[in-house]
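*Asks:* I have a structure here, written as C-alpha cells, and I will follow up with some questions on it.
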Amino acid sequence: MKLEFVRFKLSDTQRKITGVLQIIAGVALLLSFISPLVGIIATGGLTIQMFLGFMVRLKIKDSIILSLPSFVFMILNGYLFVHFLAIYS
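Printed below as a string of C-alpha cells:
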C-alpha cells in the first residue's frame with residue numbers, strides 16, 4: 000500500500016490520514032445501525048474520499064480497470080448516503 004501512495008505522488012502524512020479516516024468511517028458505518036446521522040456522515044465522507052481517489056487515478060493516467068474500484072465504491076457510498084438521508088428525514 001505504501002508503494003501505491005508513492006506512485007500517486009502522495010505524502011506519508013496523506014497516507015496515514017487516509018487510513019485513519021477510512022477506519023473511522025468503517026466503525027461509523029457499523030454504528031449507523033443505531034443512528035442514521037452517523038451513517039450520513041460516514042457515507043458522505045467515504046463518497047468524497049472515493050471521489051478524490053478516483054480523481055488521483057485519472058490524474059496519474061491509470062487504466063480504466065485500475066480506476067474502476069474507486070469509482071464503484073464512490074457510487075456505492077453515494078447510494079448509501081442518499082439512503083441514510085431518506086431514513087433520517
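Counting from 0, one number per residue, gives the positions in the sequence shown under numbering that gives the first Met the number 0. Glycine included, C-beta positions come from ideal geometry on N, C-alpha and C.
Taking only the alpha-carbon atoms, compute the straight-line gap between Ile86 and Ser66 and give it to the nearest angstrom.
*Replies:* Numbered from 1 along the sequence shown, position 87 holds the residue referred to as residue 86. Numbered from 1 along the sequence shown, position 67 holds the residue referred to as residue 66. So the two alpha carbons sit approximately 31 Å from each other.
*Asks:* What residue range is occupied by the uninterrupted alpha helix (DSSP H) comprising Met49?
*Replies:* One-based indexing of the sequence shown puts residue 49 at position 50. From DSSP, the alpha helix (DSSP H) with Met49 extends over 35-58.
*Asks:* Hey, could you find the ends of the alpha helix (DSSP H) Gln1 is sitting in?
*Replies:* On the sequence shown, position 2 is the one that residue 1 refers to. Note that residue 1 is Lys in the sequence shown here, rather than Gln. Segment 1-6, the alpha helix (DSSP H) holding Lys1.
*Asks:* Identify whether Leu9 lies in helix, strand or coil by the three-state DSSP scheme.
*Replies:* Reading the sequence shown from its first residue, position 10 is the one you call residue 9. Coil at Leu9, not helix or strand.
*Asks:* Under the assumption that Leu45 contacts Ala24 (Cβ atoms under 8 Å), give the Cβ distance between them as a whole number of angstroms.
*Replies:* Locating residue 45 in the sequence shown gives position 46, counting from the first residue. Locating residue 24 in the sequence shown gives position 25, counting from the first residue. With a Cβ gap of about 5 Å, Leu45 and Ala24 count as contacting.
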